[in-house]
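Sequential numbering of the sequence shown, starting at 493, is according to our numbering. Glycine included, every Cβ here is placed at the ideal spot set by N, Cα and C.
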Amino acid sequence: MLISDLPARLAAMGIGTGLYSIGVGRENSLCIEQSGSSWVVYYQERGQWNNVLTFSDEDEVCRYVIGSFEEMLESRRAEGWPVEDLARERVSVEDRIRALGVGSAHYRIGEIADNAWCLIEEGGKWLVIRMENGVRIKESEFGKDFDTAESVLFRRLRSWQREQAAAGVDPEVLAADR
493 MLISDLPARL
503 AAMGIGTGLY
513 SIGVGRENSL
523 CIEQSGSSWV
533 VYYQERGQWN
543 NVLTFSDEDE
553 VCRYVIGSFE
563 EMLESRRAEG
573 WPVEDLARER
583 VSVEDRIRAL
593 GVGSAHYRIG
603 EIADNAWCLI
613 EEGGKWLVIR
623 MENGVRIKES
633 EFGKDFDTAE
643 SVLFRRLRSW
653 QREQAAAGVD
663 PEVLAADR
(Lines of atoms letter the chains of each structure in order from A; the text may use other names.)
(Lines give C-alpha, C1' and ligand atoms only; values in the text may rest on other atoms or scores of the structure.)
Protein backbone atom coordinates (compact mmCIF):
# COMPACT_ATOMS: atom_id res chain seq x y z
CA MET A 493 0.00 0.00 0.00
CA LEU A 494 1.16 3.55 -0.70
CA ILE A 495 0.82 6.64 1.48
CA SER A 496 -1.31 8.13 -1.28
CA ASP A 497 -3.83 5.31 -0.65
CA LEU A 498 -4.25 6.17 3.05
CA PRO A 499 -6.84 8.99 2.82
CA ALA A 500 -9.32 6.80 0.92
CA ARG A 501 -8.72 3.80 3.21
CA LEU A 502 -9.13 5.90 6.35
CA ALA A 503 -12.25 7.62 4.99
CA ALA A 504 -13.79 4.20 4.29
CA MET A 505 -13.15 3.34 7.96
CA GLY A 506 -14.90 6.55 9.08
CA ILE A 507 -11.69 8.40 9.99
CA GLY A 508 -11.70 12.04 8.90
CA THR A 509 -8.80 14.29 7.99
CA GLY A 510 -9.17 16.08 11.31
CA LEU A 511 -7.37 13.18 13.04
CA TYR A 512 -4.31 12.72 10.85
CA SER A 513 -1.92 14.63 8.67
CA ILE A 514 0.28 13.48 5.81
CA GLY A 515 3.38 15.48 4.96
CA VAL A 516 3.21 18.15 7.68
CA GLY A 517 2.85 18.22 11.44
CA ARG A 518 -0.56 19.20 12.76
CA GLU A 519 -1.64 19.71 16.32
CA ASN A 520 -3.64 16.87 17.92
CA SER A 521 -3.10 14.63 14.91
CA LEU A 522 -1.37 11.42 13.98
CA CYS A 523 1.28 12.77 11.62
CA ILE A 524 3.01 10.87 8.82
CA GLU A 525 6.08 12.48 7.23
CA GLN A 526 8.78 11.25 4.91
CA SER A 527 12.32 11.80 6.18
CA GLY A 528 14.85 10.81 3.54
CA SER A 529 14.13 7.19 2.65
CA SER A 530 12.22 6.56 5.90
CA TRP A 531 8.75 7.40 7.18
CA VAL A 532 8.17 8.97 10.58
CA VAL A 533 4.87 8.59 12.43
CA TYR A 534 4.14 10.59 15.57
CA TYR A 535 1.33 12.19 17.52
CA GLN A 536 1.70 15.95 17.84
CA GLU A 537 0.35 17.60 20.96
CA ARG A 538 1.22 21.10 22.22
CA GLY A 539 3.89 21.33 19.53
CA GLN A 540 5.66 18.21 20.83
CA TRP A 541 6.17 14.95 18.95
CA ASN A 542 5.00 11.97 21.01
CA ASN A 543 5.29 8.23 20.36
CA VAL A 544 7.71 8.73 17.46
CA LEU A 545 8.16 5.66 15.26
CA THR A 546 10.31 5.30 12.14
CA PHE A 547 9.57 2.91 9.28
CA SER A 548 11.71 2.08 6.28
CA ASP A 549 8.86 0.55 4.27
CA GLU A 550 5.89 2.57 2.98
CA ASP A 551 3.51 -0.40 3.17
CA GLU A 552 4.56 -1.02 6.77
CA VAL A 553 3.79 2.56 7.82
CA CYS A 554 0.39 2.37 6.11
CA ARG A 555 -0.46 -0.87 7.91
CA TYR A 556 0.62 0.70 11.22
CA VAL A 557 -1.56 3.80 10.70
CA ILE A 558 -4.60 1.76 9.68
CA GLY A 559 -4.04 -0.61 12.62
CA SER A 560 -3.81 2.33 15.04
CA PHE A 561 -7.13 3.72 13.89
CA GLU A 562 -8.74 0.25 13.91
CA GLU A 563 -7.68 -0.09 17.56
CA MET A 564 -9.11 3.35 18.33
CA LEU A 565 -12.44 2.46 16.72
CA GLU A 566 -12.59 -0.90 18.49
CA SER A 567 -11.77 0.66 21.86
CA ARG A 568 -14.40 3.37 21.48
CA ARG A 569 -17.08 0.89 20.49
CA ALA A 570 -16.19 -1.44 23.39
CA GLU A 571 -16.43 1.44 25.86
CA GLY A 572 -19.70 2.71 24.39
CA TRP A 573 -18.21 5.95 23.10
CA PRO A 574 -19.57 7.40 19.84
CA VAL A 575 -17.35 6.93 16.80
CA GLU A 576 -19.07 9.49 14.57
CA ASP A 577 -16.83 12.31 15.80
CA LEU A 578 -13.82 10.46 14.40
CA ALA A 579 -15.07 11.32 10.91
CA ARG A 580 -14.55 15.06 11.40
CA GLU A 581 -12.81 16.71 8.50
CA ARG A 582 -10.13 19.34 8.77
CA VAL A 583 -11.33 22.65 7.41
CA SER A 584 -8.62 24.07 5.19
CA VAL A 585 -7.13 27.42 6.10
CA GLU A 586 -8.07 28.63 2.62
CA ASP A 587 -11.77 27.95 3.37
CA ARG A 588 -11.48 29.68 6.74
CA ILE A 589 -9.84 32.71 5.13
CA ARG A 590 -12.47 32.81 2.38
CA ALA A 591 -15.17 32.83 5.10
CA LEU A 592 -13.56 36.02 6.47
CA GLY A 593 -14.21 37.69 3.14
CA VAL A 594 -10.52 37.79 2.19
CA GLY A 595 -9.67 36.74 -1.36
CA SER A 596 -6.54 35.07 -2.68
CA ALA A 597 -5.16 38.39 -3.95
CA HIS A 598 -4.15 39.13 -0.35
CA TYR A 599 -2.37 35.93 0.70
CA ARG A 600 -0.25 33.06 -0.61
CA ILE A 601 0.53 29.61 0.70
CA GLY A 602 3.79 28.12 -0.52
CA GLU A 603 4.96 31.20 -2.40
CA ILE A 604 5.92 34.81 -1.82
CA ALA A 605 3.92 37.64 -3.38
CA ASP A 606 4.14 41.37 -2.92
CA ASN A 607 1.50 43.14 -0.83
CA ALA A 608 0.28 39.84 0.61
CA TRP A 609 0.47 37.69 3.72
CA CYS A 610 2.53 34.60 2.89
CA LEU A 611 2.98 31.17 4.49
CA ILE A 612 6.18 29.63 3.15
CA GLU A 613 8.70 26.94 3.99
CA GLU A 614 12.25 28.23 3.96
CA GLY A 615 15.32 26.42 5.21
CA GLY A 616 13.22 23.65 6.74
CA LYS A 617 11.14 26.14 8.75
CA TRP A 618 7.62 27.49 8.28
CA LEU A 619 7.35 31.27 8.12
CA VAL A 620 4.44 33.69 8.07
CA ILE A 621 5.46 36.99 6.54
CA ARG A 622 3.90 40.17 5.24
CA MET A 623 5.44 41.42 1.99
CA GLU A 624 5.06 45.10 1.17
CA ASN A 625 6.80 46.73 -1.78
CA GLY A 626 9.32 43.89 -2.00
CA VAL A 627 10.25 44.02 1.69
CA ARG A 628 9.50 41.38 4.31
CA ILE A 629 7.79 42.80 7.37
CA LYS A 630 6.16 41.10 10.34
CA GLU A 631 8.04 37.81 9.92
CA SER A 632 7.29 34.94 12.32
CA GLU A 633 9.09 31.58 12.39
CA PHE A 634 7.50 28.27 13.44
CA GLY A 635 10.11 25.57 12.85
CA LYS A 636 8.45 22.39 11.57
CA ASP A 637 5.08 23.27 13.14
CA PHE A 638 2.94 23.89 10.05
CA ASP A 639 -0.30 23.79 12.06
CA THR A 640 0.69 26.74 14.23
CA ALA A 641 2.01 28.66 11.22
CA GLU A 642 -1.28 28.06 9.41
CA SER A 643 -3.25 29.26 12.46
CA VAL A 644 -1.12 32.38 12.73
CA LEU A 645 -1.64 33.14 9.03
CA PHE A 646 -5.40 32.96 9.62
CA ARG A 647 -5.24 35.20 12.71
CA ARG A 648 -3.03 37.75 10.95
CA LEU A 649 -5.39 37.88 7.98
CA ARG A 650 -8.41 38.21 10.28
CA SER A 651 -6.77 41.13 12.08
CA TRP A 652 -5.68 42.69 8.77
CA GLN A 653 -9.20 42.29 7.34
CA ARG A 654 -10.70 44.07 10.37
CA GLU A 655 -8.18 46.92 10.04
CA GLN A 656 -8.97 47.29 6.34
CA ALA A 657 -12.73 47.22 6.94
CA ALA A 658 -12.40 49.82 9.72
CA ALA A 659 -10.43 52.01 7.30
CA GLY A 660 -13.34 51.84 4.86
CA VAL A 661 -11.86 49.46 2.28
CA ASP A 662 -14.61 48.08 0.05
CA PRO A 663 -15.49 44.43 0.93
CA GLU A 664 -15.30 43.56 -2.78
CA VAL A 665 -11.67 44.70 -2.83
CA LEU A 666 -10.92 42.53 0.23
CA ALA A 667 -12.61 39.52 -1.37
CA ALA A 668 -10.72 39.90 -4.66
CA ASP A 669 -8.93 36.88 -6.06
CA ARG A 670 -5.68 37.08 -7.95
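Which residue marks the beginning of the beta strand (DSSP E) containing residue i, and which one marks its end?
i	result
residue 504	No beta strand (DSSP E) holds residue 504; the alpha helix (DSSP H) holding it covers 498-505.
residue 592	From DSSP, residue 592 is part of no beta strand (DSSP E) but of the alpha helix (DSSP H) over 585-592.
residue 531	530-537
residue 608	608-614
residue 628	627-633
Looking only at DSSP bridge pairs, what is residue i linked to?
i	result
residue 554	Answer by DSSP bridge pairing: none, since residue 554 is not bridged.
Between residue i and residue j, what straight-line distance do the alpha-carbon atoms span, to the nearest angstrom?
i	j	result
residue 624	residue 541	35 Å
residue 565	residue 514	20 Å
residue 610	residue 526	24 Å
residue 667	residue 569	45 Å
residue 544	residue 533	6 Å
Considering only C-alpha positions, which residue in the set the options is nearest to residue i?
i	options	result
residue 519	663, 638, 661 and 655	638
residue 530	543, 524, 538 and 548	548
residue 594	498, 670 and 505	670
To which residues of the same chain is residue i closer than 7 Å at the C-beta, ignoring the five residues directly before and after it?
i	result
residue 444	Residue 444 falls outside the range modelled here, since the chain spans only 493 to 670, and no answer is possible.
Please go through the same chain and pick out, in chain order, the residues whose beta-carbon is closer than 6 Å to the beta-carbon of residue i, but skip the five residues on each side of it.
i	result
residue 512	521 and 522
Ignore the nearest five residues each way along the sequence and tell me which others in residue i's own chain have a CB closer than 8 Å to its CB.
i	result
residue 501	493, 554 and 558
residue 633	617, 618 and 619
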